[in-house]
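Colleague: Numbering (the numbering used here), first residue to last: 281 to 394.
My questions all concern the structure below.
Right under this line is the structure:
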């Protein structure tokens, strides 16, 4: 309700590791509010099968050219987590990720602005 009451439904991306939580959240959000699924290697790697998300948030180690092609084919925006090393951020930016989740935003931003 807060997202809608502040007219932020297109500016917020609701994300979770849990596809069931995303389904529940969808019931309380407008269709214009995008959902994103967080994924790691292992069983969470396949959690996208259980959600209808607009964005994919894989662990950064999962992302390569083939992964980006897969995501593009499905229309996913790719936001990787958690990237705290400048060289890794540069590699991912070169692959075309849409966003980087980090604990060191100043360091990562500076490395990408070189």
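Glycine included, each C-beta is placed from N, C-alpha and C at the ideal position.
Just so you know, these numbers come straight off a predicted model, no measurement behind them.
For residue 335, which three-state DSSP category applies?
Modeller: strand
Colleague: Identify whether residue 295 lies in helix, strand or coil by the three-state DSSP scheme.
Modeller: strand
Colleague: Where residue 307 and residue 375 are concerned, what is the direct C-alpha to C-alpha distance, given to the nearest angstrom?
Modeller: 34 Å
Colleague: How do the segment 336-350 and the segment 370-387 stand: do at least 3 beta-carbon pairs fall below 8 Å, yes or no?
Modeller: Yes, they touch.
Colleague: For the candidate residues 348, 297, 313 and 309, whose alpha-carbon lies nearest to that of residue 334?
Modeller: 313
Colleague: Applying the criterion that 16 or more other CB atoms from any shown protein chain within 10 Å of the CB defines a buried residue, is residue 336 buried or exposed?
Modeller: buried
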